[in-house]
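Trainee: This is the structure I want to talk about, given as structure tokens.
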Amino acid sequence: MNKLEIGLIGNPNTGKTSLFNSLTGTYNYVGNWSGVTVEKKVGTLKEINGNLIDLPGVYSLNPLTKDEQVATNYFLNENFDSVINIIDASQLERNLHLTLQIAEYGKPFMIGLNMIDVALRSGMKIDVEKLSNKLQVPIIPLVARTGKGITDLLSILKKNEVRNPNTKLVSFDDEIEQIITDIMTLLPENLPGNVRWYAVQILEENEPVLNFVNGLVPISTFEQHINLSNTFVKENSSAKSFKQYAYQTRRREILQLITDCVIKENSSNISLSTKIDKIVTHKFLGIPIFLLLMFIMFKFTFDWIGTPLSDTLDSFISGPVTNFATDLLQAIGASDFIKSVILNGIIAGVGGVLVFVPQIFILFFFISLLEDSGYMARVATVMDVLMEKVGLNGKAFIPMIIGLGCNVPGIMAARTIEQPRERLLTILLTPLMSCSARLSVYSLFVAAFFKENQAIVVFSLYLLGIITALLLAVIFSKTILKKEQSYFIMELPPYRKPQWISLFRSTWDKGKGFVKKAGTFIFGGSVAIWFLSYAGPGGLNVPLDHSYLAKIGGFIAPIFEPIGFGTWQAGASLITGFLAKEVVVSTMNIIYHAPNMASLTHVISGTFTPLSAYSFLVFILLYIPCLATVAVIKKESGSTKWTIFSMFYSFIIAYILSALIYGIGTLLGY
Amino acid sequence: MFVNILLGVAIFGYAGFALFNAIRKSKKGKCAACSIKNSCSSNCSVIPNQK
Chain A
1 MNKLEIGLIG NPNTGKTSLF NSLTGTYNYV GNWSGVTVEK KVGTLKEING
51 NLIDLPGVYS LNPLTKDEQV ATNYFLNENF DSVINIIDAS QLERNLHLTL
101 QIAEYGKPFM IGLNMIDVAL RSGMKIDVEK LSNKLQVPII PLVARTGKGI
151 TDLLSILKKN EVRNPNTKLV SFDDEIEQII TDIMTLLPEN LPGNVRWYAV
201 QILEENEPVL NFVNGLVPIS TFEQHINLSN TFVKENSSAK SFKQYAYQTR
251 RREILQLITD CVIKENSSNI SLSTKIDKIV THKFLGIPIF LLLMFIMFKF
301 TFDWIGTPLS DTLDSFISGP VTNFATDLLQ AIGASDFIKS VILNGIIAGV
351 GGVLVFVPQI FILFFFISLL EDSGYMARVA TVMDVLMEKV GLNGKAFIPM
401 IIGLGCNVPG IMAARTIEQP RERLLTILLT PLMSCSARLS VYSLFVAAFF
451 KENQAIVVFS LYLLGIITAL LLAVIFSKTI LKKEQSYFIM ELPPYRKPQW
501 ISLFRSTWDK GKGFVKKAGT FIFGGSVAIW FLSYAGPGGL NVPLDHSYLA
551 KIGGFIAPIF EPIGFGTWQA GASLITGFLA KEVVVSTMNI IYHAPNMASL
601 THVISGTFTP LSAYSFLVFI LLYIPCLATV AVIKKESGST KWTIFSMFYS
651 FIIAYILSAL IYGIGTLLGY
Chain B
1001 MFVNILLGVA IFGYAGFALF NAIRKSKKGK CAACSIKNSC SSNCSVIPNQ
1051 K
């Protein structure tokens, strides 16, 4: 039997990724907000020989944004067997627009009616059988989060009971139907899917469809039909374009379906969601509440749980692990060279970064908690007003929040923004968000200089990143990137009790990259840095100050003299930090030959003052996006010019801010 | 002596491989690992009209 290929499609935030995970037994990132999936994901179906493809959430097959095109292109270019359309039962009216378009496309599909529990609670009783008969496709009620209904869905797939839908659910006025028939005769017969669907999409001026058809029939053939339909629509309906007319016609059909198949019961209880929303999305209280929660998050990460855990791990690595390695190397008769690369290079460099794993995981745990509960979507709406004022799209906040984990997926998430200029602006500003790699540098320095105020210092850095991004947004959108008209509608998902398993998975998903990087990139980097510190123009095993690393670091060090850290050590760490920010910590560990964190903090406090340390941290926060981020900026912006700009402007801003902090601090006598 | 050479080759070999691999991957960006990148026309390249 051939391998089945099944697509998973639905509106944003309807639980596609949850269902994907249950059906494939894999794990993918699930967030309680729109736009989590911006690219296709493929998983192998459980118990069935087939692939399941998770598509980004879309409202329609006529795409507005880049990520929405993924779904339409999937319909046009991939050879799939059937589609599972997942629908939010509590938002039936909006979700059915996509369903009708999928039905018009005509390939076999089935519906997963998700969040049936939420619909019931809000007083909507759906006659599943009746709806299924009308659409002529199987419908399975689901609660994807808990896994209810998944077995039924799998059994439909297994028995291959997915059926061809009723493609004639929506009919237009006779004149339009005539135009559609005319177009159909001009189209080739072997198109994937129903020819009528193509005709309607051509009239709707669906870009991916036009591009696709243009490869077969010149698009100019249909110009007359498009004009004719638009003229008819303008003269005979309230719609301004055929696209709007098609929307209205589908909507009428949907309302009819709902009248026939849904019984609405009056629900008297105002939901808890609404009550909480009144407080957390309050005009004035919203932002302070968000900041307070962020602060508490850092308190946990540093003062309350994270630091003690990191300290324990540190004493384990610097104690038993190092002793064991030393004894073992001694026993096998390793040379000094090998001893040095393992103890001073690998254990110092990789171990020095691994020490911060507990803190990073705790921070991610809290970010996942805020996301999964539905709170982050509220924050995005609260921030919307502020974002609009500074010339950004309200949606830009989501890439930025994702950027707190790692800037790379943050920048990818900017695809959900429709306006190219706003997207570019978001891409340029997301690297200012303090990612987890930078957290390890902060951890090292706050432990050395701000023992009593760790949380508040790190909090101030995160805040500084956000504020700088907002201020730059104002400047950029008034100068180099003039703003276009934009709209932002963020759907508020219901609050939900976070589930432990999904929470731990989500935390692991965010943090695993950090651990993996320690074993690969940081390992390689540590060995390379160690070698540069071991070798010099004078040969091997030279004093550190005469090593290549000292030469390279010393070359750029004078630049940083005015901002408080003109040492070759700082210079060398900053250069290596471009590859990945964690490497700054590895470099420092290797340079200072510190056996453990306590002694490293001691050595560092000899070369930095608290003021220059803070200036250094601000510089680390902003000075340059790391290599992977630069690559993604290049890919997503498609422009070398803007990529170079993103590196230069951040360096200049970092320098100015560090200079200001160091200058003012010095004047104040710190 | 033999142990030293073996360890040295293993450490520097892996370090070089890890560095090279990581830099190559990060230059490529995320789509490099996508299983249907060949048939995916929208994602890995910039869509011309939205440049």
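One line per chain: the protein sequences are A and B, in this order. Numbering of the first sequence is given in the numbering used here, commencing with residue 1 and proceeding in unit increments. Numbering of the second sequence is given in the numbering used here, commencing with residue 1001 and proceeding in unit increments. For glycine and all other residues, C-beta sits at the position ideal for the given N, C-alpha and C.
(1) Please check the pair residue 410 of chain A and residue 399 of chain A, which I expect to be a contact at CB under 8 Å, by giving their CB distance rounded to whole angstroms.
(2) Express the C-alpha separation of residue 219 of chain A and residue 236 of chain A in angstroms, rounding to a whole number.
(3) So which residues of chain B does residue 674 of chain A contact, with C-beta pairs closer than 7 Å?
(4) For a test of the three-state rule: what should DSSP assign to residue 496 of chain A, helix, strand or coil?
(5) Compute the Euclidean distance between the alpha carbons of residue 30 of chain A and residue 371 of chain A, then round it to the nearest angstrom.
(6) At a CB distance below 7 Å, what residues from the segment 523–536 of chain A approach chain B? Give them in sequence order.
(7) Distance check for residue 320 of chain A and residue 331 of chain A, CA to CA, integer angstroms please.
(8) Which residue or residues does DSSP assign as beta-bridge partners of residue 51 of chain A?
(9) Could you work out which residues of chain A lie near residue 1003 of chain B, taking near to mean beta carbons separated by less than 7 Å?
(10) When you compare the CB positions of residue 5 of chain A and residue 50 of chain A, do they come within less than 8 Å of one another, or not?
(11) Since residue 579 of chain A contacts residue 665 of chain A with CB under 8 Å, what's their CB separation in whole angstroms?
(12) Say whether the segment 104–113 of chain A touches the segment 195–203 of chain A, bearing in mind that this needs 3 or more beta-carbon pairs closer than 8 Å, one atom from each stretch.
(13) Residue 520 of chain A versus chain B: which residues are under 8 Å apart at the beta carbon?
(14) From residue 125 of chain A to residue 263 of chain A, what distance separates their C-alpha atoms?
(15) If you measure beta-carbon to beta-carbon, which residues of the segment 625–641 of chain A are closer than 9 Å to chain B?
(16) Report the start-end ranges of each alpha helix (DSSP H) in the segment 154–228 of chain A that is 4 residues or longer and not cut off at the edges.
(17) Smallest Cα separation from residue 118 of chain A: which of A/96, A/232, A/272?
(18) Considering only C-alpha positions, which residue in the set A/10, A/48, A/11, A/12 is nearest to residue 23 of chain A?
(19) Quick one: list the residues of chain B neighbouring residue 341 of chain A, beta-carbon separation under 7 Å, in chain order.
(20) Note down, in chain order, every chain B residue with its Cβ under 9 Å from the Cβ of residue 671 of chain A.
(21) Between residue 185 of chain A and residue 221 of chain A, what straight-line distance do the alpha-carbon atoms span, to the nearest angstrom?
(22) Exposed or buried, which one is residue 670 of chain A when buried takes at least 16 other CB atoms within 10 Å?
(23) DSSP three-state call for residue 1051 of chain B: helix, strand or coil?
(24) Which residues share a DSSP beta bridge with residue 83 of chain A?
(25) Would you kindly work out how many angstroms separate the C-alpha atoms of residue 36 of chain A and residue 359 of chain A, rounded to a whole number?
(26) Is any beta-carbon of chain B found at less than 8 Å from that of residue 512 of chain A?
(27) Using the three-state DSSP reduction, which class does residue 95 of chain A fall into: helix, strand or coil?
(28) State yes or no: is the C-beta of residue 584 of chain A within less than 8 Å of the C-beta of residue 461 of chain A?
(29) Are residue 610 of chain A and residue 450 of chain A close, meaning C-beta to C-beta below 8 Å?
Mentor: If we stick to the structure as given:
(1) 5 Å
(2) 26 Å
(3) Since the first residue of chain A shown is 1 and the last is 670, residue 674 of chain A is not available in this structure.
(4) coil
(5) Unreliable positioning characterises residue 30 of chain A in this predicted model, as indicated by a pLDDT of 48, which lies under 50. The coordinate reading is nonetheless provided below. Their backbone Cα atoms lie some 9 Å apart in a straight line.
(6) 523, 524, 525, 527, 528
(7) 16 Å
(8) Assignment of beta-bridge partners to residue 51 of chain A by DSSP yields A/5, A/44.
(9) 332, 333, 334
(10) yes
(11) At roughly 30 Å, the Cβ-Cβ gap does not stay under 8 Å, so residue 579 of chain A and residue 665 of chain A are not in contact.
(12) yes
(13) 1018, 1021, 1022
(14) Taking the straight line joining both Cα atoms gives about 5 Å.
(15) 626, 627, 628, 629, 630, 631, 632, 634, 635, 636, 637, 638, 639
(16) 174–186, 195–203, 207–214
(17) A/272
(18) Comparing Cα positions, the closest option is A/48.
(19) 1011
(20) For residue 671 of chain A there is no data in the structure shown, the boundaries of chain A being 1 and 670.
(21) Distance between the alpha carbons of residue 185 of chain A and residue 221 of chain A is about 12 Å.
(22) exposed
(23) Reliability of the predicted coordinates at residue 1051 of chain B is poor, the pLDDT of 26 falling under 50, and the value obtained from them is presented with this limitation in mind. Here residue 1051 of chain B sits in coil by DSSP.
(24) A/7, A/109
(25) Unreliable positioning characterises residue 36 of chain A in this predicted model, as indicated by a pLDDT of 49, which lies under 50. A coordinate reading is not provided.
(26) no
(27) Three-state result, residue 95 of chain A: helix.
(28) Against a cut-off of 8 Å, the Cβ pair of residue 461 of chain A and residue 584 of chain A comes out as no contact.
(29) yes
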